[in-house]
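First residue of the sequence shown? That's 594 in the working numbering, and the numbers climb one at a time after it. Reading through the structure tokens given below for one structure.
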Amino acid sequence: VAASALMIDYGLTVTVSIAAGTAALTSAIPALTPWTTELCILFVGLLMLANLRGLRESGRLFLVPTYLFILSIFGLLLLGLGQQILGVPPPSPPSIPAQQSVSLFLILRAFSAGCTALTGIEAISNGVPVFRVPEWINARRTMLAMGVILGSMFLGITFLTHAYQIVPTEGETVLSLLGRQILGTGPLYYGLQAATLLILILAANTSYADFPRLASLLARDQFLPRQLMRLGDRLVYSNGILLLSGFATVLLFIFQGSVNRIIPLYAVGVFTSFTLSQFGMVRHWLSDRRSGWLGSALVNGLGGLATMGVLLVIISTKFRLGAWVVVLAIPMLVALFLAIRRHYRYVNARLSLQPPSPTQSVPPPVPPRHSAIVLVGQLNQGSIAALDYARTIAQEIVAVHVDMGIQEPDHIRQDWETLERDIPLVILDSPYRTVAEPLANFVANFEAQNQASFSTVIIPMLVTHHWWENLLHNQTGYFLKNALKTKKSRIISTYYHYL
């Protein structure tokens, strides 16, 4: 459950960050608003390409957008507070009629929306090992500094939004509206929006380091396909990066890059992870019971209850707004994990070597008998080369042609006799103009009559010079390969003839 919630959390982190960054861009340049979805997908593609080429989270590289954003926000807050102290009159409040009275439900919705400001703080606790020695002290200092900065920004923006009577509008973010009011529409305003875009793209990039690593761990434990466990040429988990990018792209396309529609999904995934991690620490302290365990268990228990309360509020207040998607996705993802693990265990059990017991006598190996069936569509260099190959691997060989009404069977038989081959040719009649059914029946009967240990069905296929030329050939061969692989002792072999 924790792994599924974390994977959804990482995927939605990319989705929300890219959508919010694009919203900052379209707020500054409204002409780009019709292209919101396309811009979101473009940013995901750029992040994907950068990470596939081995982009690392370099501290010096990422310091620039981080400090630029912090300076921009605190500069905005100082200018706004200065205008309030100097008595600069705010604009007249817009005459918008109240949509509904302030009820408990509305308060809970606002509470759950505000709690999403806490998302992201788990990155420090997850990355404690990468801090300098002493790791836990430096991580705690970083957490404290981030808490102070985050709290100051959140409270300052909330105060100024109320002081300047900022009302959310469709197509422009609250921060953009506040920036226009305080900074005007000059370079400082566009610098604020650019800093917001950069920091949000940076936030999206953090998931590209964590999601592929988590997917590789799950793949190692056989909960995900093994392809996610392998490193690419650039020593990155390429398949995990592609999976994350595809997941984010699909969500951005479905929700059309709307932050308001994606946030409910994001909040459920984040606070599910918070709740599970807090109660997981309670279980850890109860089993460890080292010095001071009781106080730590109480702190984590209270934290788990608090985050669980927030989670229940978010689910109840935003269920119809999209939270139901994550509520259903988490158990479905858990079921997928278990199904994949069950399949791998089944495969391992079927493929495992069972050594004989010391008292069991091992019978001497019996030389296997091998037969081959060569599919002959037309008599040409490719089919003749496939027959020559069959001679090298099998003792009993038969050539098979399925009559589709294209060529006269007698003509094919005459051409075959002129080749003077000592391989029999069998022509199968297909009244319904299908290849798979008569061929499958013949192969089954041939195997039953010959009692061979192994039988190989050889399908000649052409190798063309250009990829698009392949669309004009080999389609029947691909279909037959899937139709004939139904028996354990049957081998489907492809003989490639190069033009």
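Backbone N, C-alpha and C define an ideal beta-carbon position, used for all residues, glycine too. For clarity, every value in this text was computed on a predicted model and none was experimentally measured.
- Linking Ile-856 to Phe-864 through their CA atoms gives a straight-line distance of about 12 Å.
- The bridge partners DSSP lists for Ala-992 are Val-967, Leu-1018.
- Counting the other CB atoms within 10 Å of its CB gives His-994 a total of 16 or more, which places it among the buried residues.
- CA-to-CA, the gap between Val-607 and Arg-935 works out to about 30 Å.
- DSSP places Arg-943 in the uninterrupted alpha helix (DSSP H) bounded by 917–944.
- Boundaries of the alpha helix (DSSP H) harbouring Phe-752: 728–756, taken from the DSSP string.
- One Cα belongs to Arg-882, the other to Phe-872, and the distance between them is close to 15 Å.
- At a Cβ-Cβ threshold of 8 Å, Ala-612 and Leu-845 count as neighbours.
- In the same chain as Thr-1087, and ignoring 5 residues on each side of it, the C-beta atoms closer than 6 Å to its own belong to Ile-1052, Met-1054, in chain order.
- Leaving aside the five residues that flank Leu-1092 on each side, the residues in its chain whose CB is nearer than 8 Å to its CB run, in chain order, Leu-1055, Val-1056, Thr-1057, His-1058.
- In the three-state reduction of the DSSP assignment, Glu-1001 falls in the coil class, being assigned neither a helical nor a strand state.
- Cβ-Cβ distances below 6 Å link Leu-661 to Ala-788 in the same chain, with the five nearest sequence neighbours on each side left out; the list follows chain order.
- Remark: fewer than three beta-carbon pairs, one from each stretch, lie closer than 8 Å, so the region 803–815 and the region 772–791 are not flagged as touching.
- Contact between Thr-766 and Ser-620 holds: CB atoms are separated by about 5 Å, below the 8 Å threshold.
- If you check the CB distance, Asn-644 and Ile-834 come in under 8 Å.
- Shown here for Leu-972: same chain residues with a beta carbon closer than 8 Å to its own, the five before and five after excluded, namely Ile-1005, Asp-1008, Trp-1009, Leu-1012 in chain order.
- Spatial neighbours of Ala-987 in its own chain (CB-CB distance under 7 Å, excluding positions within 5 residues in sequence) are listed in chain order as His-963, Ser-964, Ala-965, Thr-1049.
- Distance check between Pro-627 and each of Gln-849, Phe-816, Ser-870 places Gln-849 closest, using alpha-carbon atoms only.
- Excluding its 5 nearest sequence neighbours in each direction, Val-829 has C-beta neighbours in its own chain below 8 Å: Asn-644, Leu-645, Gly-647, Pro-805, listed in chain order.
- The DSSP-derived three-state label of His-877 is helix.
- Listed in chain order, the non-local C-beta contacts of Phe-867 below 6 Å within the same chain comprise Thr-900, local neighbours out to five positions each way being set aside.
- In this structure, Leu-672 keeps its C-beta atom at 8 Å or more from the C-beta atom of Gly-749.
- Bounds of any beta strand (DSSP E) do not take in Phe-912, whose DSSP letter is neither H nor E.
- Shown here, Ile-611 sits in a helix according to DSSP, grouped into three states.
- For the 8 Å CB-CB criterion, Ile-923 and Ile-601 form a contact.
- Annotated three-state conformation of Val-829 is coil, per DSSP.
- With respect to the 8 Å criterion, Val-721 and Ala-732 are classified as neighbours on the basis of their beta carbons.
- DSSP, read as helix, strand or coil, puts Tyr-1071 in helix.
- Note on geometry: alpha-carbon atoms of Gln-974 and Arg-1083 lie some 25 Å from one another.
- Approximately 5 Å separates the beta-carbon atoms of Val-919 and Leu-858; this is inside 8 Å, confirming the contact.
- Here Leu-771 really is in contact with Tyr-757; their C-beta atoms are around 6 Å apart, less than 8 Å.
- Here the alpha carbons of Trp-1061 and Asp-1015 stand approximately 37 Å from one another.
- Here DSSP, grouped into helix, strand and coil, assigns Phe-655 to helix.
- With three or more CB-CB distances shorter than 8 Å, the region 1022–1039 counts as touching the region 1067–1077.
- In the structure shown, Arg-725 falls within a coil segment according to DSSP collapsed to helix, strand and coil.
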